[in-house]
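What follows is a single structure, written as structure tokens, with notes after it.
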DNA sequence: CACGAAACGT
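See the structure below:
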């Protein structure tokens, strides 16, 4: 195990669905790949690159998806640019199946423009039939009669296909089915029947009726006209566009097994399905590769779908490569290309690049539209740059671009998150005025916004309003309600929402379970949390990294790692898992969830309850880690922070080393830095530390500061105080905590206690150098600790007390401000005098308990046990 | 073929 640290750990892959794109597939293109990985020293620059850029699938510069694709192109399909004989016959199905085209038809028809200017393949009789169908075909019999009336005049599959599409445009899925059945009964020619089937499948797919699409397909197969590339492609697309990506891929495989050759449309549909379904990046590469090998030339839509795959996973570098590849291949780029590419950049946090690309659009004669702007607005908001988000939005308004529901929802989400509810109300009114109705996304954003601010009454009110407006709640709605109510301690309401969820027939997903588990964790009901973890697995819902992070964090928080050999602690749920294994009957899980709510509501156990179970719990947490490995759940930076925090709560090196060992299994680089600094091999690991910090800094400040806090706390806790200080200074330099210090003020409110203490020393040393350079200090000096908002226990002032003890301990002349208990103050002259005292420097300078000059040796965790505490 | 909503950390 030790020697096979998984290479797939990604610090930056914080989205659980985001699979790290390590190209298991790529060694074909890069035979050296595996060789390289195994033999590389642990912390090469190569590893760094793979961590820093989730879009780079391997340490190889040549193995980015696009260049992998390019390599495949170059080595396996030299005829890429020419039409290979393997290429399936070019079809115009792509155009034929386009819902947009038919929509355009409708508008043109309705504008009364002469039909001859449209490349319509249907006859005018079909138009007439449609008008009749709209007028008289309201019910099944009516439509049957209309169809019978026109039967003799309607001309083949093209006319019927036209009707199918028009019914589709009107959302009439039952009419689509009826019309298809009517038409196919009257058609003898197999290929015409096939056309009808493909059209019906595609249209039903667009309407979200995958089951109906499937039944049409099955019927087509049974009746001998369904075994065509077109029907399969339509079914793939129907599944893909409705999120049944695995099913889409299955259909794709079946199709090939039946001897059919996928064409451009098929591949486009499969790749598109992958993007929607969040399929592993490698799988997509593999399919794209297969496409090239089969001589099917990718077109604009293929690339747009590939870009969408990147956007989904945040693989912005791959997107960049593919975007450039399009230019190289002479493939036209359209507004969709740009919007998708921009979205990939935004999702990858590359806002400045995105802005640059957007600025170039007009020079390419592609004008940014409402989608472009919404994408950018959302990107800036997600990057925490709300000012810029709002200013982009105002730009869009200024340009007179018509706002759509999505753009309003995006804006609404921003104001909800900012807690600016006056704006939220105003926007809702504006939407009303424009006749844009709130949809489920709007309501979910509102619910989340009010909930996050603790405005549970408003949340309840909005939920009622939602139901009154007959907007059907979805799983996300219930998840939000349950999560928010639980966080607010309103377990009764949470339970009610859960009951409604059950009544609606929706099934809890991993997010909902994770929210419940987190609620249990936050109330120190870790055992219940772990047993719910097993419960969800039994229900067929796989936990992900977020689920585990909650639990690991709770262990770190509530476990005391003191050895306790009474041996009779409550048994660990992990260990009795098998006893409850056969509990899969439907409904049992639900009643158990109800039981957990009851447990939460009873408040018998407060968040301060600490069990002292020692070894038992160590075994339990090790079991949790083991399971995480078994399920191949990739940790992220939150996991690392949670493990480091747990280390800070260990009373012995031994326990901490056990946890660090877990860290090592997850990620050698993070382990290397944490362990190296802890052991005093700072000089050896500092370069690695720098590259690690570079990556951490790529993330948002909350995530980054959490990691810095956790690492520093751990070092401080185990006496590596100089090391801790170097880490916080690095964090300060990278602005992990904003505006930590000025000459007159040190703001510690975002810092953990170890980090804050190390920072106090650093700041005072800095002030001291000002004094020794002969400069005046500001009249008033302050140290802010806040009110414990960021403390593990809200309002307990742990940080304040730690700083107070620290200042007292070193005799620093600061006192608590009278009006603000989170603020220590002093005057410049008093502090300057103290700094000039002979003993002061000595108490300010921090030392490490352990330090080793650079020796370059490999240091094992077992070294820990050899050293004194 | 493009844009929007949820869980972990602070």
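In the working numbering, the protein residues as written are 5 to 873. Glycine residues also receive a C-beta, built at the ideal position from the N, C-alpha and C atoms.
| Item | Value |
| --- | --- |
| Which residues mark the beginning and the end of the alpha helix (DSSP H) in which residue 253 is found? | 249-261 |
| Taking its Cβ as the centre, do 16 or more other Cβ atoms sit within 10 Å of residue 472, making it buried, or is it exposed? | exposed |
| So what does DSSP say about residue 829, is it helix, strand or coil? | strand |
| Does the distance from the CB of residue 377 to the CB of residue 400 come in under 8 Å? | yes |
| Using 8 Å as the Cβ pair cut-off and three pairs as the minimum, do the region 643-652 and the region 710-728 touch? | yes |
| Whole angstroms are fine: how far does the CA of residue 236 sit from the CA of residue 896? | An answer regarding residue 896 cannot be provided, because it is not within the stretch 5 to 873 covered by the chain. |
| Kindly indicate which residue of 540, 779, 808 has the alpha-carbon position closest to the one of residue 786. | 808 |
| Does the region 360-368 come within contact of the region 337-349, defined as at least 3 CB pairs closer than 8 Å? | yes |
| Give the range of the beta strand (DSSP E) segment to which residue 749 is assigned. | 749-751 |
| Can you tell me whether DSSP reads residue 1 as helix, strand or coil? | As displayed, the chain neither begins before 5 nor continues past 873, which places residue 1 out of reach and without an answer. |
| What does residue 787 pair with, by DSSP beta-bridge criteria? | 750, 828 |
| Assuming residue 249 and residue 283 form a contact by the criterion Cβ under 8 Å, report the distance between their Cβ atoms to the nearest whole angstrom. | 6 Å |
| Which residues mark the beginning and the end of the alpha helix (DSSP H) in which residue 651 is found? | 641-652 |
| Quick one, which of 327, 334, 189 has its alpha-carbon nearest residue 161's? | 189 |
| Measuring alpha carbon to alpha carbon, tell me which of 201, 736, 559 ends up nearest residue 663. | 559 |
| Please determine, among 513, 735, 457, 508, the residue with the shortest C-alpha to C-alpha distance to residue 483. | 513 |
| Can you find the residues in the same chain that come closer than 6 Å, C-beta to C-beta, to residue 224, ignoring five residues on each side of it along the sequence? | 201, 230, 235 |
| In three-state DSSP terms, what is residue 211? | coil |
| Mind listing, in chain order, the continuous alpha helix (DSSP H) runs of no fewer than 4 residues lying wholly within the region 457-491? | 460-472, 479-491 |
| Can you give the beta carbon distance from residue 194 to residue 228, rounded, assuming they're within the 8 Å contact cut? | 6 Å |
| How do the region 802-818 and the region 771-784 stand: do at least 3 beta-carbon pairs fall below 8 Å, yes or no? | no |
| Name the one or two DSSP bridge partners that residue 694 has. | None; residue 694 has no bridge partner. |
| Below 8 Å between beta carbons: does that hold for residue 723 and residue 594? | no |
| How long is the line joining the alpha carbons of residue 387 and residue 704, rounded to whole angstroms? | 7 Å |
| Buried or exposed for residue 756, going by 16 or more other Cβ atoms inside 10 Å? | buried |
| Relative to the C-alpha of residue 774, which candidate in 788, 752, 746 has its C-alpha closest? | 746 |
| So, with DSSP's three-state summary, where would you put residue 739? | coil |
| Of all the options 490, 220, 491, 479, which has the alpha carbon lying nearest to the alpha carbon of residue 506? | 479 |
| With DSSP collapsed to three states, give me the class of residue 216. | helix |
| Enumerate in chain order the residues of its own chain whose CB-to-CB distance from residue 855 is below 6 Å, with the five nearest sequence positions on each side excluded. | 684 |
| Rounding to the nearest angstrom, what Cα-Cα distance links residue 531 and residue 707 in this structure? | 27 Å |
| Any idea if residue 772 is buried or exposed, counting beta-carbon neighbours within 10 angstroms, 16 or more meaning buried? | buried |
| So within the region 182-211, which uninterrupted beta strand (DSSP E) runs reach at least 3 residues, ignoring any that extend past its ends? | none |
| Need the endpoints of the alpha helix (DSSP H) that residue 779 sits in, please. | Taken as a continuous stretch (DSSP letters only), residue 779 belongs to no alpha helix (DSSP H), as it is neither H nor E. |
| Is DSSP giving residue 437 helix, strand or coil here? | helix |
| Between the alpha carbons of residue 423 and residue 453, how many angstroms are there, rounded? | 7 Å |
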